Amino acid sequence: MAKDPRGREARGTRRGRCSAAVVAAGLLLVLAGCQDEDRAGGAPGAEDGRPVVVAPGKPGEKARTLTPEQAAGEKPDDSPNAADHAYVQGMIEHHRQALAMSALAPQRASADGVKRLAERIAAAQQPEIGAMERWLALHPAPPAGTGGHDHGAMPGMATEQQLRELTGAAGADFDRLFLKLMTAHHEGALKMAGQALAGGNNVAVEEMATEVVATQSAEVHRMRAMG
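Once you know that position 103 of the sequence shown is 91 in this note's numbering, the rest is easy, because the numbers rise by one and skip nothing.
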């Protein structure tokens, strides 16, 4: 399974599953109410009048006639697994720390570029938290073990001491420390997203992780240029 933070191989595998879903459900031709016409034209139809689904065959193969139930059964299983739940639960807390750090910028940063960056981070990550919380509501995580979740151990998270230093800084000192901590924070998020893309199974989580990779990779390059 892919280990690249961008999850290219993992995404390619899932795209293969999604393509199968398209063949089985997305682009299938439902022949309900038009069966007389279809049979006249040579297309297969249900003799009992039930809806029929025609699945296009692979190159060189004939199309298959399926019932709606059979077609639904051929959709790939994207049930969330432990990697999906770990990513969503962890990234919610990861994003919340980024929002807390960004909220300090309007009053403490001196560079306009740092202030604008903090605004962009907040504008992107606040909605992402909402999307992940809605996902968790639809897919509740199984009960955690006795150890619970150690959010402080997630990659890129600033320590309490670092947060105190950032809160106490101002001007150019704040700018330098903010860029240093936020760059590390984003790099940690990219690692988490890569793990989800490599080990997860749910399409919605894959899409969220892919968005994090795209957005935060660009912001890392911007922060390195600013620093």
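Virtual Cβ for every residue (Gly too), placed ideally from N, Cα, C. A quick note: this is a predicted structure, and the numbers were derived from the prediction, not measured.
CA-to-CA distance, Ile80 to Met120, given in whole angstroms: Going by C-alpha positions, Met120 is about 7 Å away from Ile80.
With 16 other CB atoms within 10 Å as the buried threshold, where does Gly156 fall? exposed
Considering just the uninterrupted stretch of the alpha helix (DSSP H) at Thr155, what are its terminal residues? Where Thr155 is concerned, the enclosing alpha helix (DSSP H) stretches over Glu148 to Gly156.
Do the stretch 163 to 173 and the stretch 183 to 202 touch if we need at least three Cβ pairs shorter than 8 Å? Contact check between the stretch 163 to 173 and the stretch 183 to 202: fewer than three CB pairs, one atom from each, fall below 8 Å, which does not count as touching.
Closest by C-alpha distance to Thr203, when choosing among Ala181, Ala192, Met214 and Val191: Ala181
Taking the C-alpha atoms as reference points, what is the distance between Val76 and His127? 10 Å
When DSSP labels each residue in this structure, what does Thr53 get in the three-state scheme? strand
Host alpha helix (DSSP H) of Met145 (start-end): Here Met145 belongs to no alpha helix (DSSP H), and DSSP marks it neither H nor E.
Among Arg84, Asn69 and Glu207, whose alpha-carbon lies nearest the alpha-carbon of Glu175? It is Glu207.
Please state if the CB of Ile117 and the CB of His173 are separated by a distance shorter than 9 Å. no
Which term fits Thr171, buried or exposed, when burial requires 16 or more other beta carbons within 10 angstroms of its beta carbon? buried
For Ala99, does the three-state DSSP call read helix, strand or coil? coil
By Cβ distance, which residues of its chain are closer than 7 Å to Ala112, with the 5 residues on each side in sequence left out? Thr203
Excluding five sequence neighbours on each side, which residues of the same chain lie with their C-beta closer than 6 Å to the C-beta of Ala97? Lys103, Phe162 and Asp163
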